[in-house]
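> Handing you this structure, nothing more for now.
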Ligand SMILES: *[C@@H]1O[C@H](CO)[C@@H](O)[C@H](O)[C@H]1NC(C)=O
Ligand SMILES: *[C@@H]1O[C@H](CO)[C@@H](O)[C@H](O)[C@H]1NC(C)=O
């Protein structure tokens with residue numbers, strides 16, 4: 243009798259702990275991901291599962307650095323609540339997708355053709371992880387970490403990035419820094435006020451388009467395929 247009551251108590255404590263755990267795990271997963279789908283496909287998709295020609299119909303920019311074709315749920319409504327998006331890149335030699343972060347997504351980049359590209363990430367200890375990527379290579383950029391891609395090869399680099407949010411967000415690092423008051427930027431750059439002001443004046447427009455490195459920025463197409471600089 244005593245033994246039975248004791249094991250009953252143990253059982254209820256275990257069940258309570260389990261329920262608490264399930265509850266907690268549920269809360270965490272709800273906070274960490276996009277909303278779950280409630281229907282097979284968003285009604286806004288109007289019955290179509292296909293987006294034709296992302297280069298023409300996507301959120302596409304064509305600049306000196308190359309073509310960047312992204313999606314969002316107004317362009318491709320079938321992605322609503324699916325927790326995923328794509329960006330296609332065609333980057334010219336010495337073109338760069340400048341250092342940036344995605345506050346709401348992890349990125350998985352597949353190198354398809356051309357290049358190679360130099361790409362990498364800085365982790366939260368400040369340690370860089372830099373690689374040369376060839377067609378068939380895949381790199382992960384963990385959510386929120388600073389990363390970039392630079393075509394160090396002599397042919398157009400084609401790569402595709404998948405991101406696990408319908409709205410990953412892009413924050414470009416250097417141009418974001420210069421959106422801040424000059425003193426804040428001067429502090430971060432360890433420069434005097436006037437040097438920071440000059441750098442700010444010369445900085446690029448805040449944008450997510452691909453850039454082409456200046457002639458004297460250390461990039462010669464197909465030369466110095468290295469992670470050293
Ligand atoms: C939705 O699809 C129908 C049938 O294909 C079409 O007639 C209609 O124009 C579409 N509506 C929108 C908003 O695309
Ligand atoms: C999707 O991208 C287009 C083109 O860049 C833009 O006009 C539109 O506001 C974007 N929609 C959303 C929901 O971000």
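In our numbering, the protein residues as written are 243 to 471.
Glycine residues also receive a C-beta, built at the ideal position from the N, C-alpha and C atoms.
Pull up the distance between the alpha-carbon of residue 436 and that of residue 427, whole angstroms please.
C-alpha separation (whole angstroms): 11 Å.
> Who are the Cβ neighbours of residue 461 in its own chain at under 6 Å, not counting the five residues just before and after it?
Closer than 6 Å at Cβ, skipping near neighbours: 336, 455.
> To the nearest whole angstrom, what separates the beta carbons of residue 331 and residue 339, a pair I think is in contact under 8 Å?
Contact holds; Cβ gap of about 6 Å.
> Can you give me the Cβ contacts of residue 328 inside the same chain, cut-off strictly under 8 Å, excluding the 5 residues immediately before and after it?
Cβ neighbours of residue 328 beyond the five flanking positions: 296, 312, 313, 402, 403, 404, 405.
> For residue 409 and residue 346, what's the separation of their Cα atoms in angstroms?
Rounded to the nearest angstrom, the two C-alpha atoms are 7 Å apart.
> Which class does residue 272 belong to by DSSP, given the choice of helix, strand or coil?
For residue 272, the pLDDT reaches just 46, beneath the cut-off of 50, and the residue's location in the model is therefore unreliable, leaving the point undetermined.
> Going by the CB atoms, is the gap between residue 393 and residue 333 shorter than 8 Å?
Contact: yes.
> Look up residue 393 in the DSSP assignment and give the residues it is bridged to.
359, per the DSSP bridge assignment.
> Which residues in the same chain have their Cβ closer than 7 Å to the Cβ of residue 459, if we skip the five residues on either side of it in sequence?
Contacts found: none.
> With hydrogens ignored, establish whether the beta-carbon of residue 287 is closer than 7 Å to any heavy atom of ligand 2.
No - ligand 2 has no heavy atom lying nearer than 7 Å to the Cβ of residue 287.
> Is the beta carbon of residue 452 closer than 8 Å to that of residue 307?
Yes, the Cβ-Cβ distance between residue 307 and residue 452 is below 8 Å.
> Please enumerate, following chain order, all residues with a beta carbon closer than 6 Å to at least one heavy atom belonging to ligand 2.
Listed along the chain, these residues meet the criterion: 301, 314, 315, 316, 317.
> Look at the alpha carbon of residue 351 and the alpha carbon of residue 280, and state the distance between them as a whole number of angstroms.
Computed Cα separation, rounded: 28 Å.
> Can you tell me whether residue 359 is buried or exposed? The criterion is at least 16 other CB atoms within 10 Å of its CB, across all chains shown.
Buried is the call here.
> If residue 417 sits next to residue 448, beta carbons under 8 Å apart, how far is it from one beta carbon to the other, in whole angstroms?
Confirmed, about 4 Å.
> According to DSSP, simplified to helix, strand and coil, what is residue 429?
Helix at residue 429.
> Report, in whole angstroms, the separation of the C-beta atoms of residue 211 and residue 374, which I expect to be a contact under 8 Å.
This structure does not reach residue 211, given that the chain is present from 243 up to 471, and the question cannot be answered.
> Can you tell me the Cβ-Cβ gap for residue 325 and residue 275, rounded? I've got them flagged as a contact below 8 Å.
About 6 Å separates the two Cβ atoms, so the contact holds.
> Grouping DSSP H, G and I as helix and E and B as strand, with all else coil, what is residue 375?
Three-state result, residue 375: strand.
> Which of helix, strand or coil does DSSP assign to residue 332?
Here residue 332 sits in strand by DSSP.
> Counting only runs that start and end within the region 280-324, where is the beta strand (DSSP E) found for 3 or more residues in a row?
As far as the region 280-324 is concerned, its whole beta strand (DSSP E) runs of at least 3 residues are 301-305, 308-312.
> Decide if residue 430 is buried, meaning its Cβ has at least 16 other Cβ atoms within 10 Å, or exposed.
By the 10 Å Cβ count, residue 430 comes out exposed.
> Sort out for me which residues DSSP pairs residue 381 with in a bridge.
Per DSSP, 351.
> Output needed for residue 284: all residues of its chain with C-beta closer than 7 Å, excluding positions within five of it in sequence on either side, in chain order.
Excluding positions up to five away in sequence, the list reads 319, 320, 322, 323.
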